[in-house]
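Residues in the sequence shown are numbered consecutively from 29, following my numbering.
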Amino acid sequence: MNSSRPYLVRALYEWIVDNDCTPHMLVNSNYPKVQVPQGFASDGQIVLNVSPVAVRNMHMDNEAVSFEGRFGGVPHTLYVPIEAILGVYARENGQGMVFDLEESLEADDEVEVDDELSPRGSEPPRPSGRPSLKVVK
């Protein structure tokens, strides 16, 4: 299945805007391919005001969020991979969601599969012990 994060990010953004609040995005500024003004990041994180009045040309898809914004009056083009988004919340009341930190997988990285854990037969492994059912009236 696809990651639910991009769908949740878009839904939270829309929900916050629909409730006349200011959507903010917490971003891991050290994540690969993140393009944000580093001078404004602190401890590897940056909070971005992504309200419709604060940004231009916003585009959200399953891969990334991109838009144009101003920092200290200087225009910047920002690019944030979905995996780098740590949270989306409303500035006014803090309502929103925080996401788990995801490890980045570069194209050159190899994913190891433990052959001992994969089933050998056509049947899935069964749990040990007998299942028990209980009649509830």
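Using N, Cα and C, we set each Cβ at its ideal position, and we do this for glycine too.
Please read all numbers here as calculations on a predicted model, not as lab measurements.
Each residue's CA atom was taken as its position, placing P51 and S32 some 19 Å apart.
V37 is positioned such that its CB atom lies closer than 8 Å to that of I113.
Taking every protein chain shown into account, the CB of V81 has fewer than 16 other CB atoms within 10 angstroms, so this residue is exposed.
When DSSP states are grouped into helix, strand and coil, E96 belongs to the strand group. A92 is a Cβ neighbour of P109, given a cutoff of 8 Å. Taking each of N47, Q73, V45, G67 in turn and checking the Cα distance to V55, the smallest one comes out for Q73.
Judged by their CB atoms, K61 and Y107 are nearer to each other than the 8 Å cut-off. Annotation: Y41 is outside any beta strand (DSSP E); the continuous alpha helix (DSSP H) that includes it extends over 33-46. Around the CB of V78, 16 or more other CB atoms lie within 10 Å, so the residue is classed as buried.
Under the three-state reduction of DSSP output, Q123 falls in the coil class, being neither helix nor strand. The beta carbon of S94 lies closer than 6 Å to those of H87, Y107 in the same chain, with the five residues before and after it left out. Secondary-structure assignment with DSSP links M88 through a beta bridge to V93.
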